[in-house]
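Have a look at the structure below, then the notes.
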Amino acid sequence: MINQLLALTEKRLERVQLEQSKLKSAILQLQQQRKDLHQRIAILTLQVGVYEKSEELTQMDFWERQRQKAVVLSEIAQCEFQIENIDAELSKYHLLKQQMTERTFILRNKCEKFRKYLKQQRRAQWLKLERQQQNEIEELFVHVDNKITAQ
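See below:
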């Protein structure tokens, strides 16, 4: 029965470790997306700076430039919104990661306790067998000694 509990606990531990691996991969992917978005914002900010340069423009060119600047600022706002969503997701994932770490710790301890118990049981069984063999040997010696004495 303890062997079955150990096997079950080891399977749970493997599942949690697999989930941890997937979660770590997801966290790394989100962090990369966040980094890419920050780089995109930096580039777009430079582009906004170009649109703000003062030059003598016709009224039509001025409003076209303002329209393009608004489009870029809108894209920056979208990127910042995505970063906020990623940050919220990362926060959730980090909490899950912490919970999985605790679960892994608990399952490892359970496995270790089961292994230790099984080892003690094997040792006790081995000692019992040794005593049994020793008693049988002593009985044989007594029996042989009685036969020799009887002759």
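In this note's numbering, the protein residues as written are 1 to 151. Don't be surprised by glycine CBs; every beta carbon is placed ideally from N, CA and C.
Is Ile137 buried or exposed, if buried means 16 or more other CB atoms sit within 10 Å of its CB? Locating residue 137 in the sequence shown gives position 137, counting from the first residue. Per the 10 Å Cβ criterion, exposed.
Short check: CB of Ile41 to CB of Glu80, under 8 angstroms? On the sequence shown, position 41 is the one that residue 41 refers to. On the sequence shown, position 80 is the one that residue 80 refers to. Taking 8 angstroms as the Cβ cut-off, Ile41 and Glu80 qualify as a contacting pair.
Rounded to a whole number of angstroms, what is the C-alpha to C-alpha distance between Arg103 and Leu127? Reading the sequence shown from its first residue, position 103 is the one you call residue 103. Reading the sequence shown from its first residue, position 127 is the one you call residue 127. The C-alpha of Arg103 lies about 36 angstroms from the C-alpha of Leu127.
May I have the straight-line CA-CA distance separating Glu10 from Ser25, to the nearest angstrom? On the sequence shown, residue 10 is found 10 positions in, with the first residue counted as 1. On the sequence shown, residue 25 is found 25 positions in, with the first residue counted as 1. The straight-line gap from Cα to Cα measures roughly 23 angstroms.
Using DSSP with H/G/I as helix, E/B as strand and the rest coil, what is Lys222? The chain is shown from 1 up to 151; residue 222 falls before or after that span and cannot be answered.
Over the uninterrupted alpha helix (DSSP H) stretch that includes Ser21, give me the two end residues. On the sequence shown, position 21 is the one that residue 21 refers to. Here the alpha helix (DSSP H) through Ser21 covers 2-52.
Rounded Cβ spacing between Val72 and Val48 (contact assumed at less than 8 angstroms): Counting from 1 along the sequence shown, the entry for residue 72 is found at position 72. Counting from 1 along the sequence shown, the entry for residue 48 is found at position 48. The beta-carbon separation of Val72 and Val48, rounded to 5 angstroms, stays under the 8 angstroms limit for a contact.
Any contact between the segment 13-32 and the segment 94-101? By contact I mean 3 or more CB pairs, one from each, below 8 angstroms. yes
Express the C-alpha separation of Arg67 and Glu55 in angstroms, rounding to a whole number. Translated into the one-based positions of the sequence shown, residue 55 becomes position 55. Translated into the one-based positions of the sequence shown, residue 67 becomes position 67. Going by the C-alpha atoms only, they are around 16 angstroms apart.
Can we count Leu18 as close to the ligand GDP, meaning its CB is less than 7 angstroms from some heavy atom? Looking at this structure, you won't find the ligand GDP or any other ligand, since it has none at all.
Assign Val224 to buried or exposed, taking buried as 16 or more other Cβ atoms, counted over all protein chains shown, within 10 Å of its Cβ. An answer regarding residue 224 cannot be provided, because it is not within the stretch 1 to 151 covered by the chain.
Within 8 angstroms, strictly: CB atoms of Ile27 and Tyr93: As a position in the sequence shown, residue 27 is number 27, starting the count at 1. As a position in the sequence shown, residue 93 is number 93, starting the count at 1. Yes, they are a contact pair.
Measuring CA to CA, which of Leu129, Phe114, Ala124, Gln121 is closest to Leu8? Residue 8 sits at position 8 when you count from the first residue of the sequence shown. Taking only the C-alpha atoms, the option nearest Leu8 is Phe114.
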